[in-house]
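J.:
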(Lines of atoms letter the chains of each structure in order from A and count residues from 1; the text may use other names and numbers.)
(Lines give C-alpha, C1' and ligand atoms only; values in the text may rest on other atoms or scores of the structure.)
Protein backbone atom coordinates (compact mmCIF):
# COMPACT_ATOMS: atom_id res chain seq x y z
CA UNK A 1 0.00 0.00 0.00
CA UNK A 2 1.33 3.46 -0.85
CA UNK A 3 1.01 6.52 1.33
CA UNK A 4 0.40 10.06 0.10
CA UNK A 5 2.56 12.63 1.88
CA UNK A 6 0.67 15.87 2.31
CA UNK A 7 2.04 19.18 3.58
CA UNK A 8 -0.83 20.86 5.37
CA UNK A 9 -0.02 24.54 5.81
CA UNK A 10 -1.53 27.01 8.21
CA UNK A 11 -4.24 27.85 5.71
CA UNK A 12 -5.68 24.31 5.90
CA UNK A 13 -9.44 24.53 6.33
CA UNK A 14 -11.18 22.02 8.53
CA UNK A 15 -14.90 21.29 8.83
CA UNK A 16 -16.45 20.66 12.22
CA UNK A 17 -17.03 16.97 12.94
CA UNK A 18 -16.42 15.94 9.35
CA UNK A 19 -17.46 12.32 8.75
CA UNK A 20 -14.82 9.68 8.21
CA UNK A 21 -14.03 9.34 4.51
CA UNK A 22 -12.22 6.00 4.74
CA UNK A 23 -8.72 7.54 4.67
CA UNK A 24 -6.76 7.97 7.87
CA UNK A 25 -4.49 10.98 8.44
CA UNK A 26 -1.19 9.97 10.04
CA UNK A 27 0.50 12.89 11.80
CA UNK A 28 4.21 12.17 11.54
CA UNK A 29 6.16 12.56 14.76
CA UNK A 30 9.45 13.16 12.93
CA UNK A 31 10.28 16.43 11.20
CA UNK A 32 13.18 17.51 9.01
CA UNK A 33 15.13 18.82 11.99
CA UNK A 34 14.92 15.60 13.98
CA UNK A 35 15.83 13.56 10.89
CA UNK A 36 18.94 15.62 10.21
CA UNK A 37 19.95 15.67 13.89
CA UNK A 38 19.52 11.92 14.27
CA UNK A 39 16.78 11.82 16.92
CA UNK A 40 15.85 8.17 17.27
CA UNK A 41 12.39 7.97 18.84
CA UNK A 42 10.38 9.87 16.19
CA UNK A 43 11.68 7.73 13.35
CA UNK A 44 10.93 4.58 15.36
CA UNK A 45 7.33 5.60 15.96
CA UNK A 46 6.78 6.71 12.36
CA UNK A 47 8.09 3.49 10.85
CA UNK A 48 6.05 1.42 13.32
CA UNK A 49 2.78 3.23 12.56
CA UNK A 50 3.29 3.28 8.78
CA UNK A 51 4.05 -0.44 8.75
CA UNK A 52 1.08 -1.10 11.03
CA UNK A 53 -1.42 0.61 8.73
CA UNK A 54 0.18 -1.00 5.70
CA UNK A 55 -0.08 -4.54 7.10
CA UNK A 56 -3.63 -3.87 8.32
CA UNK A 57 -4.59 -2.85 4.77
CA UNK A 58 -5.95 0.57 5.72
CA UNK A 59 -5.75 3.65 3.52
CA UNK A 60 -3.84 6.57 4.99
CA UNK A 61 -2.11 9.77 4.01
CA UNK A 62 0.90 11.20 5.80
CA UNK A 63 1.03 14.81 6.97
CA UNK A 64 4.02 16.75 8.22
CA UNK A 65 4.56 17.28 11.91
CA UNK A 66 2.69 20.27 13.32
CA UNK A 67 2.36 21.80 16.81
CA UNK A 68 0.84 19.35 19.29
CA UNK A 69 -2.08 21.60 20.21
CA UNK A 70 -3.02 22.07 16.57
CA UNK A 71 -3.01 18.31 15.99
CA UNK A 72 -5.42 17.88 18.87
CA UNK A 73 -7.66 20.66 17.55
CA UNK A 74 -7.87 18.94 14.15
CA UNK A 75 -8.64 15.64 15.85
CA UNK A 76 -11.46 17.34 17.77
CA UNK A 77 -13.14 18.29 14.49
CA UNK A 78 -12.34 15.45 12.11
CA UNK A 79 -12.46 11.66 12.28
CA UNK A 80 -9.53 9.44 11.39
CA UNK A 81 -6.62 11.53 12.66
CA UNK A 82 -3.78 9.30 13.89
CA UNK A 83 -1.63 10.90 16.61
CA UNK A 84 1.20 9.23 18.53
CA UNK A 85 2.75 8.63 20.93
CA UNK A 86 -0.25 9.73 22.99
CA UNK A 87 -0.60 9.36 26.74
CA UNK A 88 -3.71 7.31 27.51
CA UNK A 89 -4.97 9.39 30.42
CA UNK A 90 -8.40 9.26 31.99
CA UNK A 91 -9.44 12.67 30.66
CA UNK A 92 -8.68 11.56 27.08
CA UNK A 93 -10.10 8.05 27.26
CA UNK A 94 -13.41 8.77 25.51
CA UNK A 95 -11.99 11.28 23.03
CA UNK A 96 -10.04 8.72 20.98
CA UNK A 97 -9.87 5.08 20.04
CA UNK A 98 -6.64 3.47 21.16
CA UNK A 99 -4.09 1.04 19.72
CA UNK A 100 -1.17 0.01 21.86
CA UNK A 101 0.70 0.43 24.02
CA UNK A 102 3.72 1.40 21.94
CA UNK A 103 5.84 2.88 24.71
CA UNK A 104 5.93 3.75 28.39
CA UNK A 105 7.34 6.74 30.20
CA UNK A 106 8.00 7.97 33.72
CA UNK A 107 7.00 11.60 34.11
CA UNK A 108 9.58 13.66 35.93
CA UNK A 109 10.21 17.30 36.66
CA UNK A 110 13.75 18.32 35.72
CA UNK A 111 15.85 21.18 37.02
CA UNK A 112 19.41 22.30 37.63
CA UNK A 113 20.81 20.30 40.56
CA UNK A 114 22.44 23.38 42.12
CA UNK A 115 19.03 24.92 42.85
CA UNK A 116 18.00 22.14 45.24
CA UNK A 117 14.45 21.51 44.08
CA UNK A 118 14.89 17.76 44.62
CA UNK A 119 14.97 18.37 48.37
CA UNK A 120 11.44 19.79 48.40
CA UNK A 121 8.16 17.89 48.49
CA UNK A 122 5.99 17.55 45.40
CA UNK A 123 3.19 19.69 46.84
CA UNK A 124 5.65 22.49 47.69
CA UNK A 125 7.12 22.31 44.19
CA UNK A 126 3.65 22.61 42.64
CA UNK A 127 2.98 25.68 44.76
CA UNK A 128 6.29 27.50 44.40
CA UNK A 129 8.11 26.48 41.22
CA UNK A 130 7.75 28.02 37.79
CA UNK A 131 7.18 24.89 35.74
CA UNK A 132 7.58 24.97 31.97
CA UNK A 133 5.33 22.57 30.04
CA UNK A 134 4.16 22.02 26.47
CA UNK A 135 0.85 23.61 25.55
CA UNK A 136 -1.97 21.09 25.18
CA UNK A 137 0.07 18.17 26.51
CA UNK A 138 -1.17 15.58 29.00
CA UNK A 139 1.45 16.89 31.41
CA UNK A 140 -0.09 20.36 31.32
CA UNK A 141 -3.57 18.98 32.05
CA UNK A 142 -2.30 16.80 34.86
CA UNK A 143 -0.18 19.45 36.58
CA UNK A 144 -3.09 21.89 36.48
CA UNK A 145 -5.36 19.26 38.04
CA UNK A 146 -2.80 18.63 40.79
CA UNK A 147 -2.77 22.32 41.66
CA UNK A 148 0.37 23.71 40.01
CA UNK A 149 0.30 27.46 40.63
CA UNK A 150 2.95 28.82 38.26
CA UNK A 151 2.80 26.92 34.99
CA UNK A 152 4.61 28.50 32.05
CA UNK A 153 3.12 27.22 28.80
CA UNK A 154 5.21 26.91 25.63
CA UNK A 155 4.04 26.10 22.07
CA UNK A 156 7.07 23.91 21.27
CA UNK A 157 8.94 21.49 23.51
CA UNK A 158 12.33 22.61 22.22
CA UNK A 159 11.82 25.95 24.04
CA UNK A 160 11.78 24.40 27.51
CA UNK A 161 15.52 23.91 28.09
CA UNK A 162 16.49 27.39 26.78
CA UNK A 163 13.87 28.93 29.06
CA UNK A 164 15.31 27.12 32.08
CA UNK A 165 18.81 28.21 31.10
CA UNK A 166 17.53 31.81 30.89
CA UNK A 167 15.94 31.52 34.39
CA UNK A 168 12.45 32.02 32.99
CA UNK A 169 11.34 28.73 34.58
CA UNK A 170 12.66 26.72 37.52
CA UNK A 171 11.70 23.25 36.34
CA UNK A 172 10.54 21.65 33.10
CA UNK A 173 8.02 18.85 32.52
CA UNK A 174 9.41 16.86 29.60
CA UNK A 175 10.29 13.31 28.61
CA UNK A 176 13.71 12.12 29.70
CA UNK A 177 14.79 10.89 26.26
CA UNK A 178 13.71 14.12 24.63
CA UNK A 179 15.51 16.17 27.26
CA UNK A 180 18.73 14.20 26.79
CA UNK A 181 18.60 14.98 23.08
CA UNK A 182 18.17 18.72 23.75
CA UNK A 183 20.97 18.65 26.34
CA UNK A 184 23.35 16.99 23.86
CA UNK A 185 22.36 19.52 21.22
CA UNK A 186 22.92 22.44 23.61
CA UNK A 187 26.32 21.09 24.70
CA UNK A 188 27.38 20.71 21.05
CA UNK A 189 26.39 24.29 20.34
CA UNK A 190 28.26 25.49 23.44
CA UNK A 191 31.53 24.18 21.92
CA UNK A 192 32.76 22.26 24.94
CA UNK A 193 31.17 24.28 27.75
CA UNK A 194 28.73 21.77 29.27
CA UNK A 195 25.47 22.75 30.91
CA UNK A 196 25.21 22.63 34.71
CA UNK A 197 24.03 19.23 35.97
CA UNK A 198 20.32 18.61 35.46
CA UNK A 199 18.45 16.35 37.90
CA UNK A 200 15.20 14.47 37.75
CA UNK A 201 13.66 16.33 40.68
CA UNK A 202 10.67 14.09 41.33
CA UNK A 203 9.10 11.21 39.38
CA UNK A 204 5.37 11.77 39.67
CA UNK A 205 3.59 9.53 37.12
CA UNK A 206 4.03 6.40 35.03
CA UNK A 207 2.14 6.30 31.73
CA UNK A 208 1.71 3.96 28.79
CA UNK A 209 1.72 5.61 25.36
CA UNK A 210 -0.58 4.68 22.48
CA UNK A 211 -1.60 5.41 18.93
CA UNK A 212 -4.71 7.58 19.30
CA UNK A 213 -7.31 7.73 16.53
CA UNK A 214 -9.99 10.39 16.52
CA UNK A 215 -13.70 10.29 15.84
CA UNK A 216 -16.19 7.80 14.50
CA UNK A 217 -13.98 5.27 12.73
CA UNK A 218 -14.90 1.59 12.32
CA UNK A 219 -14.31 -0.55 15.38
CA UNK A 220 -13.20 -3.33 13.03
CA UNK A 221 -10.33 -1.11 11.87
CA UNK A 222 -9.22 -0.52 15.45
CA UNK A 223 -9.44 -4.23 16.25
CA UNK A 224 -7.43 -5.04 13.12
CA UNK A 225 -4.73 -2.54 14.03
CA UNK A 226 -4.51 -3.92 17.56
CA UNK A 227 -4.24 -7.50 16.29
CA UNK A 228 -1.48 -6.46 13.90
CA UNK A 229 0.42 -4.63 16.64
CA UNK A 230 0.10 -7.68 18.90
CA UNK A 231 1.50 -9.77 16.04
CA UNK A 232 4.43 -7.35 15.67
CA UNK A 233 5.17 -7.97 19.34
CA UNK A 234 5.13 -11.76 18.97
CA UNK A 235 6.83 -12.13 15.58
CA UNK A 236 9.83 -9.94 16.43
CA UNK A 237 9.10 -6.85 14.30
CA UNK A 238 8.41 -4.60 17.30
CA UNK A 239 11.82 -5.28 18.85
CA UNK A 240 13.66 -5.26 15.52
CA UNK A 241 12.16 -1.88 14.63
CA UNK A 242 13.51 -0.48 17.89
CA UNK A 243 16.92 -2.01 17.23
CA UNK A 244 17.05 -0.59 13.70
CA UNK A 245 16.55 2.91 15.14
CA UNK A 246 19.25 2.50 17.79
CA UNK A 247 16.84 2.07 20.70
CA UNK A 248 16.97 -0.47 23.52
CA UNK A 249 15.91 -3.92 22.31
CA UNK A 250 17.20 -6.26 25.04
CA UNK A 251 14.39 -8.76 25.76
CA UNK A 252 15.51 -8.91 29.41
CA UNK A 253 15.00 -5.16 29.81
CA UNK A 254 12.02 -4.30 32.02
CA UNK A 255 10.70 -1.80 29.51
CA UNK A 256 10.82 -4.32 26.64
CA UNK A 257 9.16 -6.99 28.78
CA UNK A 258 6.36 -4.54 29.59
CA UNK A 259 5.91 -3.69 25.90
CA UNK A 260 5.77 -7.34 24.82
CA UNK A 261 3.34 -8.34 27.58
CA UNK A 262 -0.07 -8.28 25.87
CA UNK A 263 -1.64 -8.27 29.32
CA UNK A 264 -0.69 -4.58 29.50
CA UNK A 265 -3.01 -3.70 26.59
CA UNK A 266 -5.41 -1.03 27.80
CA UNK A 267 -3.32 0.21 30.73
CA UNK A 268 -3.09 3.98 31.12
CA UNK A 269 -1.42 5.99 33.88
CA UNK A 270 -0.47 5.33 37.47
CA UNK A 271 0.05 8.31 39.74
CA UNK A 272 3.21 7.91 41.78
CA UNK A 273 1.91 10.30 44.39
CA UNK A 274 -1.18 8.34 45.43
CA UNK A 275 -3.89 9.05 42.84
CA UNK A 276 -3.95 5.83 40.80
CA UNK A 277 -6.34 5.51 37.89
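In our numbering, the protein residues as written are 2 to 278. In this text, a Cβ means the ideal position worked out from N, Cα and C, and glycines have one as well.
1. Classify residue 215 as helix, strand or coil using the three-state DSSP reduction.
2. Assuming residue 214 contacts residue 100 under a Cβ cut-off of 8 angstroms, what Cβ separation, rounded to an integer in Å, is found between them?
3. For residue 114 and residue 203, what's the separation of their Cα atoms in angstroms?
4. Spatial neighbours of residue 23 within its chain, please: CB distance less than 7 angstroms, with the 5 preceding and 5 following residues excluded, ordered by chain position.
5. Rounded to a whole number of angstroms, what is the C-alpha to C-alpha distance between residue 224 and residue 187?
6. Could you check the C-alpha separation between residue 226 and residue 120 for me, to the nearest Å?
7. Starting from residue 145, trace the alpha helix (DSSP H) both ways and give me its first and last residue.
8. Count Cβ pairs between the segment 260-268 and the segment 102-113 that sit closer than 8 angstroms; are there 3 or more?
9. Check each candidate in 126, 263, 256, 72 and name the one with the smallest Cα separation from residue 137.
10. Give the range of the alpha helix (DSSP H) segment to which residue 21 is assigned.
11. If I measure Cβ to Cβ from residue 68 and keep anything under 7 angstroms in the same chain, skipping five residues before and after, which residues do I get?
12. Do the segment 247-267 and the segment 124-132 touch if we need at least three Cβ pairs shorter than 8 angstroms?
13. Would you kindly work out how many angstroms separate the C-alpha atoms of residue 27 and residue 255, rounded to a whole number?
14. Where residue 233 and residue 210 are concerned, what is the direct C-alpha to C-alpha distance, given to the nearest angstrom?
15. Hey, would you say residue 45 sits closer than 8 angstroms to residue 83, going by beta carbons?
16. Within a Cβ cutoff of 7 angstroms, which residues of the same chain sit near residue 149, ignoring the five residues on either side of it in sequence?
17. Could you tell me which whole alpha helix (DSSP H) segments of length 4 or greater appear in the segment 57-118?
18. What are the partner residues of residue 28, as DSSP defines its beta bridges?
19. Can you give the Cα-Cα distance for residue 107 and residue 207, rounded to whole angstroms?
20. Looking at C-alpha atoms only, which residue of 21, 49, 20 is the closest neighbour of residue 30?
21. Can you tell which of 95, 218, 130, 162 has the C-alpha that lies nearest to the C-alpha of residue 171?
22. At the level of alpha carbons, what is the spacing between residue 198 and residue 190?
23. Should residue 43 be labelled buried (16 or more other beta-carbon atoms within 10 Å of its own) or exposed?
24. Starting from residue 209, follow its DSSP beta bridges and name the residues at the other end.
25. If you count every other CB in all the chains shown that lies within 10 Å of the CB of residue 20, and 16 or more means buried, which is it?
T.: Taking the definition as stated:
1. Three-state result, residue 215: strand.
2. So it is a contact: roughly 7 angstroms between Cβ atoms.
3. Roughly 12 angstroms between the two C-alpha positions.
4. Counting only Cβ-Cβ distances below 7 angstroms, and skipping sequence neighbours, we find 60.
5. Rounded to the nearest angstrom, the two C-alpha atoms are 43 angstroms apart.
6. Going from the Cα of residue 226 to the Cα of residue 120 covers about 45 angstroms.
7. Note, residue 145: alpha helix (DSSP H), 139-146.
8. With a cut-off of 8 angstroms, the segment 102-113 and the segment 260-268 count as touching, because enough Cβ pairs lie within range.
9. Nearest of 126, 263, 256, 72 to residue 137, Cα basis: 72.
10. Here residue 21 belongs to no alpha helix (DSSP H), and DSSP marks it neither H nor E.
11. Apart from the 5 residues on each side of it in sequence, residue 68 sits with its Cβ closer than 7 angstroms to the Cβ of 156, 157 in its chain, given in chain order.
12. Touching, no.
13. Spanning the alpha carbons of residue 27 and residue 255 requires a straight line of approximately 29 angstroms.
14. Separation of residue 233 and residue 210 (C-alpha to C-alpha, rounded to the nearest whole angstrom) is 16 angstroms.
15. No, these two residues do not count as a Cβ contact at 8 angstroms.
16. Only residues of its own chain outside the window of five on either side were considered, and among them 127, 132 have a CB closer than 7 angstroms to the CB of residue 149, listed in chain order.
17. Counting only unbroken stretches of 4 or more residues, the alpha helix (DSSP H) elements lying wholly within the segment 57-118 are 69-78, in sequence order.
18. 64.
19. So the two alpha carbons sit approximately 4 angstroms from each other.
20. Comparing alpha-carbon positions, the option among 21, 49, 20 lying closest to residue 30 turns out to be 49.
21. Checking every option, the nearest Cα to that of residue 171 belongs to 130.
22. Straight-line Cα distance between these residues: approximately 17 angstroms.
23. Residue 43 sits buried, since 16 or more C-beta atoms from the chains shown fall within 10 Å of its C-beta.
24. Beta-bridge pairing links residue 209 to 105.
25. That one is exposed.
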